[in-house]
Structure formats: C-alpha cells, structure tokens
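Protein chains: 2
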Amino acid sequence: MSSAKTDGLRRQVLDAAVAIAATSGPDAISMREVARLAGVSHQAPYHHFGDRAGIFAAISEEGFRILAESIEASTTLGTAAMCEAYVHFALAHKGHFRVMMRNDLCSLENYPSALIQADRAFNALRNEVAVILGEDSNEDEANAHTAYMWSVAHGLATLLIDGPLLKKLGSVADINELIRNVAHKASSTIVHS
Amino acid sequence: MSSAKTDGLRRQVLDAAVAIAATSGPDAISMREVARLAGVSHQAPYHHFGDRAGIFAAISEEGFRILAESIEASTTLGTAAMCEAYVHFALAHKGHFRVMMRNDLCSLENYPSALIQADRAFNALRNEVAVILGEDSNEDEANAHTAYMWSVAHGLATLLIDGPLLKKLGSVADINELIRNVAHKASSTIVHS
DNA sequence: ATTCATACTTGACAGTGTCTAGTAGAAAAA
DNA sequence: TTTTTCTACTAGACACTGTCAAGTATGAAT
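Taken in sequence, the protein lines are chains A and B.
Take 941 as the starting number for the first sequence in my numbering and just add one per residue.
Take 941 as the starting number for the second sequence in my numbering and just add one per residue.
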C-alpha cells in the first residue's frame, strides 16, 4: 500500500484534499486543514504547491489524465461507451471531477501540464465524434455534435453527483442502467441538416 | 429604475450578490463585501438573510422562479424549445444559475419556498417529456428520457458558462445557432427499447 | 407613557490564505 | 575538512472572513 508517510508530503496533501472534495466539496479544502491532516505546519504545503490554487491545479491534472485514459480506452466501443465512460469516471472520482470543472478555483491556463491532459481528454472525445459523423460533415456540424455529446455526458455526470436528479426522479432502481439508457439515446442521434 | 436606496437593503444586497456571482462566482460573495457595497455595517445583511447560506437560498428561489416561468412558457413549443429556454436562462442569469446548482453552498431542503420553485421547474420539464413520449411509455423510460433531456440542457448550459467548450471548439460563429442545433438533436431522439 | 419589534451598529473571536523570516539537515564546492 | 548552497520544512504576523453577543435609534401598539 502506498501509505502517506512513505510517499512524501505532496502525495499526502493531495490525497487529503481529494478526499475532502469528494465528501464536502472543493471549497472545504483548506491549506491549514490538509496540513493538519498530514501532521505538518500550516506552511508546509506551500512548499509543494505554491498556493491554494496550486493544489487545485494538481488535482485537475491528475483527474484529466485519468479521464483522458478512460475516454481513449472507450472510443473503440463507440460514442455510447464513451459517454458512459465519462459519467463513470465522474462517479468514481468525485473529488477530482468536482475540482476539474471549477474554473473559478484555478484557471487551467496558468498550468500548462494540466491543460495538456484536459486537451487529451477533449481531443479523444472530438475525434471519436468525427469518426462517427464521417468525413463528409462540415466543421459546424462536427462542432455541434461534439458539443452535444459532451453536454449529455457532462450534464448527466454533474446532475448525478451534485444535482437533484435522483431525488427528483424518485424511483431509479439501477443507476448504471439509467446511464446506459441515456448514453444510448445520445449516441443514436445523428441529424442531418 | 428600481434603485437600490428605495428598494430596501434586502433587494440591494441580493442584487450585489448576484452581480458578484455573475462576474467572479458565488464563492466571491462575502457578507462584508455586500454590506460594504450597500453602504451599511457588516452585520446589517444578517438581519435579512440570517447567514451567508440565506443569501444563496434567496438567490436560488428567485432563479428557480424565473427558470420555471421560462420553461412553462416554452413547453407548448416542444422539447427543443424547452431545452433552448433552459440554456438561454442560464446565459441570461449567470449569477443566479451558478448559485442554484451549488448544493454545497446552501442545501435547498432547508428552504421550502426555494424548493417549491425548483420543483415547479422540474415538473414543467418532466411533464413536457411525458407528453412527447405519449401515454404508453413505462416509468423507467419516462425517467430516462427526462434525465436525458435535462442532461443535454444542463450540460450545455454549464459548459457554455463555466466550461471550456467554446475555447476548445475554436470556431463558433453563432452561439445561438449552436444551442438551437444541440437542442434539435436532443429533441429528435426517441428510442424505443 | 411604556412596551415592544424592527432595523440596524459596534465590538469581539476564531478561522482562513499568505507574506516574511527563520532553521535543521543533507549535498556540493572550496 | 570547512564552507556554501539547496531542500524541506517551522514560527510568527497580517489582513480578511463568517458569525456570536450586545447595544441603539425609531416607530407602532398598548
């Protein structure tokens, strides 16, 4: 096991921060609290992350890397599988996902290595959409369909994690079945203007 | 014009908070800052809202009321129009929308009057989906299609407002055209299992 | 005239991010 | 071997935050 003590403070702080984000949201992440959890002084984390935004950037980079790998692995199975992969990533890495989508906490433009991973994930999604659409579709249509697929996956993920979807729907026997169903609807839509 | 001075402090604080949320995000809303902007002591807002969460609840209630009215007005035009209405609401009321979807800032369960408006909006959406599906669809299918329509609208709205969609897509001539296109794709999907 | 509620103000406290200034120890250079 | 430099921290301070407690001015109701 990769215990905290042996992995160094950086890893230790990151794990604590992700855990807090998963249970209480990213805003509950405090420099002093993660330091306390790691058993070090309140200034120790600054050495590894610069400031609070640095922690969010590190979490984002890690999250986008996992997401990119997950999407890339799914693309041979079609857009429905890709959509499912997106949602399952969000559910399985709630702490990461919540931080990744919060541009106000940390603008990724200032963190090139995180941006690279985010681009990897996006490009995997866009390429898969392009393959499905075929070569004869124009750029506007490709853009719209990319936005569409991303919207379905992203919307379902956020509504399941932080939104009131399940509460409002009332009776949902199997979440995975719901995800599969929605992903199937999304992938079955190809409209030619 | 409904100026600040004449409308009372409550309205004044609310407007300041919404404006801050629209420009810098809900986390930038501070009790002391809104008090400062209204020209009162740092404790004055507490009289009207109880605490910080109370401000978020008030913004949410107002936002859900506007959203509900907007969706209700659109439903006679079909699901595509409803989807567009959702996204346009988010773009036109960025400050409200950002606060409404942040359950960590203020759990709506503690604010019944806000919950009522949220339910209004959800029910309008669900009813419209039910009408489109027809009476012969079972509950699971109705749930899935509701989740699907909501996901598309919500995903597109959040990606446009806070996400990197436009930046990643690169060339989007007309945002409204993109929204219409995505909404059209969403509404053209009816899959029978 | 007295009570009471409304709409505030002032003051204090603990908690926060972060700047500045240290310090113990190991590695590198002289 | 001695000295310097670098890494990974610690300690203290500052301004800022949300919020509790207590006070005050004004108007209405009794």
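C-beta: ideal position from N, C-alpha, C; glycine also.
Keep in mind that this is a model prediction, so the values were computed, not measured.
Out of the options, which has the shortest C-alpha to C-alpha gap to residue i?
i          : options                                        : result
Glu1012(B) : Asp1076(B), Asn1063(B), Val1092(B), Ile1115(B) : Asn1063(B)
Ser1053(A) : Cys1023(A), Asp1080(A), Glu1001(A), Ser1014(A) : Glu1001(A)
Glu1068(A) : Thr1016(A), Glu1024(A), Ile995(A)              : Thr1016(A)
Val953(B)  : Ser981(B), Pro966(B), Asp967(B), Pro985(B)     : Pro985(B)
Lys1108(B) : Asp1114(A), Asn1083(A), Leu1100(A)             : Asn1083(A)
Asn1043(B) : Asp955(A), Ser1128(A), Cys1046(A), Arg1038(A)  : Arg1038(A)
Leu1073(B) : Gly948(B), Ser1127(B), Ile969(B), Ala956(B)    : Ser1127(B)
Val1071(A) : His987(A), Asp955(A), Gly1018(A), Asp1114(A)   : Gly1018(A)
Leu1051(B) : Ile1115(B), Gly994(B), Ile960(B), Ala1113(B)   : Inspection of the sequence shows that residue 1051(B) is occupied by Tyr rather than by Leu. Nearest of Ile1115(B), Gly994(B), Ile960(B), Ala1113(B) to Tyr1051(B), Cα basis: Gly994(B).
Asp955(A)  : Ser1014(A), Met1022(A), Lys1034(A), Gln983(A)  : Lys1034(A)
Glu1081(A) : Leu1100(B), Leu1099(B), Asp1114(B), Pro1104(B) : Asp1114(B)
Asn1116(A) : Leu1100(A), Phe996(A), His982(A)               : Leu1100(A)
Gln983(B)  : His1036(B), Leu949(B), Pro1104(B), Thr1129(B)  : Leu949(B)
Phe996(A)  : Glu973(A), His1036(A), Leu1105(A), His987(A)   : His1036(A)
Are the Cβ atoms of residue i and residue j separated by less than 8 Å?
i          : j          : result
Ala1135(A) : Val958(B)  : Since the first and last residues shown for chain A are 941 and 1133, residue 1135(A) lies out of range.
Phe998(B)  : Phe989(B)  : Position check: residue 998(B) holds Ala in this sequence, whereas Phe was assumed. Going by C-beta atoms, Ala998(B) is nearer than 8 Å to Phe989(B).
Ala1097(B) : Tyr1026(B) : yes
Phe1004(B) : Ala1093(B) : no
Met971(A)  : Arg992(A)  : yes
Ile1119(A) : Glu1009(A) : no
Leu1048(B) : Ala1032(B) : no
Trp1090(B) : Leu1065(B) : yes
Asp1102(A) : Met1040(B) : no
His1124(B) : Ala1020(B) : yes
Asp967(B)  : Asp1076(A) : no
Ser1111(B) : Glu1079(A) : yes
Leu1045(A) : Phe1029(A) : no
Gly1095(B) : Gly1095(A) : yes
> Looking at chain B, which residues of the region 1028–1041 of chain A have a Cβ within less than 8 Å of any of its Cβ atoms?
Replying inline: Per Cβ criterion, the list reads Met1041.
Looking at chain A, which residues of the region 1105–1123 of chain B have a Cβ within less than 7 Å of any of its Cβ atoms? Leu1105, Lys1108, Leu1109, Ser1111, Val1112, Leu1118, Asn1121, Val1122
*Please list the residues of the region 1084–1105 of chain B that have a C-beta atom closer than 9 Å to any C-beta atom in chain A, keeping them in chain order.*
Ala1084, His1085, Thr1086, Ala1087, Tyr1088, Trp1090, Ser1091, Val1092, Ala1093, His1094, Gly1095, Leu1096, Ala1097, Thr1098, Leu1099, Leu1100, Asp1102, Gly1103, Pro1104, Leu1105
Report the residues of the region 960–992 of chain A with a CB closer than 9 Å to any CB of chain B, ordered along the chain. Ser964, Gly965, Pro966, Asp967, Ala968
Problem set entry | Interface positions of the region 998–1023 of chain B facing chain A (Cβ-Cβ less than 7 Å), listed along the chain | none
Can you pull out the residues from the region 1069–1080 of chain A whose beta carbon lies closer than 7 Å to at least one beta carbon of chain B? Glu1079
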